[in-house]
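*Asks:* Counting with the numbering used here, you get residues 1 to 318 for the letters of the sequence shown.
Idealized CB from N, CA, C, for every residue including glycine.
The structure's right below; bear with me while I get my questions together.
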Amino acid sequence: MHIVFLDASTLHSGELDLSPLQRHGTLTTYPVTPPDQVAQRIHDADIVITNKALMSAETIAHAPKLKLIVSCATGVNQIDLDAAKSHQVVVSNVAGYSTPSVAQHVFTFILNFATQIPQFNAESRNWPNFPTFTSLAHPCFDLSGKTLGIAGLGEIGAATAKIAQSFGMHVQVLAREGSSNQTLPELPRLEHALFFSSSDFVSLHCPLTPATEGMINKESLSLMKPTAFLVNTGRGPLIHEADLAEALNSGQIAGAGLDVLSTEPPAADNPLILCKHPQLSITPHTAWSTIEARTRLLAGVTKNIDSFVAGSPNNRIV
1 MHIVFLDAST
11 LHSGELDLSP
21 LQRHGTLTTY
31 PVTPPDQVAQ
41 RIHDADIVIT
51 NKALMSAETI
61 AHAPKLKLIV
71 SCATGVNQID
81 LDAAKSHQVV
91 VSNVAGYSTP
101 SVAQHVFTFI
111 LNFATQIPQF
121 NAESRNWPNF
131 PTFTSLAHPC
141 FDLSGKTLGI
151 AGLGEIGAAT
161 AKIAQSFGMH
171 VQVLAREGSS
181 NQTLPELPRL
191 EHALFFSSSD
201 FVSLHCPLTP
211 ATEGMINKES
221 LSLMKPTAFL
231 VNTGRGPLIH
241 EADLAEALNS
251 GQIAGAGLDV
261 LSTEPPAADN
271 PLILCKHPQL
281 SITPHTAWST
291 IEARTRLLAG
301 VTKNIDSFVA
311 GSPNNRIV
């Protein structure tokens, strides 16, 4: 079999061993693949691995040998699933590999807001000139007793909730119509207005759907405390970015920690890229990317290929 990895640089930069992917044939890897080169690169492929490289209906139609597409991620929105089904191409993904990594990243944001470590570190080389042994320039606060509101109580949301509880925080969940409430059922589920108005931190972990797109907007931000912080390690379009920038600049909320934006890489004129608020922290979609998470992801991709070749596809989406 011919296996093609269209954007291997999204998984590693040389530190991972990709040889297990070669168990069933030849492996061709590309660091990235522009959209206009996908069709050419997969024309003779039996198996395609993609993280963000688009597998459109037209592309799939022009790959006559294609049998399996493996998403090197949990999401499969880069793949035209209807086209894959019509061409009898199996699609699989990898779930759960990044849960500890993302939950850790959420709390890195939260702890930095509570301790002001980035701000103090930026000034620390001037410590010899301080008039006293310490600095109160950036007020800190305890997490114990504060309230974390979680929107989306899946695996990552639940892991984040457990970390919060270990810090003595109260945890509450945004009520969602149709939710079974089986995950951590002891946590209170609050309706929209009360959830946003009573949370000291709001952390987003919900999927991107028509109902959740733009859920953070002028209305929801107006409900939040001026001392509250927003954290998003979920999906960028959950936030109306111009509204958040305005809320930060006006003092409507105290700060935000973002690992995702609506377009990635973002445009230079993205309102959050332009925002200079001292309590806005942005990381370039790295919450998922610990070496352990990427090792688990590679193992999941390999297992999907192995199971497909064995005749019983694992983690099958289509």
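(1) In the structure shown, what three-state DSSP assignment does Val-318 receive?
(2) By Cβ distance below 6 Å, which residues in the same chain neighbour Leu-27 in space, the five residues on each side in sequence not counted?
(3) Buried or exposed for Leu-111, going by 16 or more other Cβ atoms inside 10 Å?
(4) I need the DSSP call for Asn-93, collapsed to helix, strand or coil.
(5) Please report the straight-line C-alpha distance between Ala-268 and Ile-79, rounded to a whole angstrom.
(6) For Gln-172, does the three-state DSSP call read helix, strand or coil?
(7) Return the residue from the list Gln-40, Ile-305 and Thr-212 that minimises the CA-CA distance to Leu-54.
(8) Tell me, which residues are paired with Phe-5 by DSSP?
(9) When you compare only the Cα positions, how much space is there between Lys-52 and Phe-109?
(10) Is Leu-121 helix, strand or coil by DSSP?
(11) Once you ignore the five residues that flank Leu-68 on each side, which residues in its own chain have a CB closer than 6 Å to its CB?
(12) Where do the ends of the alpha helix (DSSP H) carrying Thr-160 lie?
(13) Among the residues of its own chain, which have a CB less than 6 Å from the CB of Val-202, if the five just before and after it don't count?
(14) How would you call Thr-50, buried or exposed, if buried means at least 16 neighbouring beta carbons within 10 angstroms?
(15) Distance check for Val-76 and Phe-167, CA to CA, integer angstroms please.
(16) Do Leu-194 and Ala-161 have their C-beta atoms within less than 7 Å of each other?
(17) When you compare only the Cα positions, how much space is there between Leu-153 and Leu-297?
(18) Closest by CA to Thr-99, which one among Val-301, Arg-294 and Ala-245?
(19) Once DSSP output is grouped into helix, strand and coil, what is the label at Val-301?
(20) So what does Ala-151 bridge to, in DSSP terms?
(21) When the distance is taken between beta carbons, is His-205 closer than 7 Å to Ile-156?
(22) By Cβ distance, which residues of its chain are closer than 6 Å to Leu-187, with the 5 residues on each side in sequence left out?
(23) Assign Leu-190 to one of three DSSP states: helix, strand, or coil.
(24) Please state whether DSSP places Ala-256 in a helix, a strand or coil.
(25) Assign Ala-141 to one of three DSSP states: helix, strand, or coil.
(26) Please list, in chain order, all residues of the same chain as Asn-304 whose beta carbon is under 6 Å from its beta carbon, the five residues on each side excluded.
(27) Among residues of its own chain, excluding the 5 on either side of Thr-33, which ones have a beta-carbon nearer than 7 Å to its beta-carbon?
(28) How would you write the range of the beta strand (DSSP E) that Leu-230 sits in, first residue to last?
(29) Work out the CA separation of Asp-44 and Asp-82 for me, nearest whole Å.
(30) Is DSSP giving Val-70 helix, strand or coil here?
(31) Roughly how many angstroms lie between the CA atoms of Leu-248 and Met-215, to the nearest whole one?
(32) Can you check the region 259-302 for any beta strand (DSSP E) of at least 3 residues that lies completely inside it and give the ranges in chain order?
*Replies:* The answer reads as follows:
(1) coil
(2) Ile-3 and Leu-21
(3) exposed
(4) Reduced to three states, the DSSP call for Asn-93 is coil.
(5) If I take the Cα positions, the gap works out to 27 Å.
(6) strand
(7) Residue Gln-40 is the option with its Cα nearest to Leu-54.
(8) Thr-29 and Ile-49
(9) 26 Å
(10) The question names Leu, but residue 121 in the sequence shown is Asn. Here Asn-121 sits in helix by DSSP.
(11) When the five nearest sequence neighbours on each side are left out, the beta carbons in the same chain lying within less than 6 Å of the beta carbon of Leu-68 are those of Ile-47, Val-90 and Phe-308, in order along the chain.
(12) In the DSSP assignment, Thr-160 falls within the unbroken alpha helix (DSSP H) covering 155-166.
(13) Gly-149 and Leu-230
(14) buried
(15) 35 Å
(16) It is not a contact, given that the beta carbons lie outside the stated cut-off.
(17) Rounded to whole angstroms, Leu-153 to Leu-297 spans 22 Å at the Cα level.
(18) Closest option to Thr-99, Cα to Cα, is Arg-294.
(19) helix
(20) Leu-204
(21) yes
(22) Val-171 and Val-173
(23) Correct three-state label for Leu-190: strand.
(24) strand
(25) Reading off the sequence shown, one finds Phe at residue 141, where the question assumed Ala. Here Phe-141 sits in coil by DSSP.
(26) Val-70, Ser-92, Asn-314 and Asn-315
(27) Leu-6, Asp-7, Arg-41 and Ala-53
(28) 229-232
(29) A direct Cα-Cα distance of roughly 21 Å separates Asp-82 from Asp-44.
(30) Note: Val-70 maps to strand in three-state DSSP.
(31) 17 Å
(32) Complete beta strand (DSSP E) runs here, min 3: 280-282.
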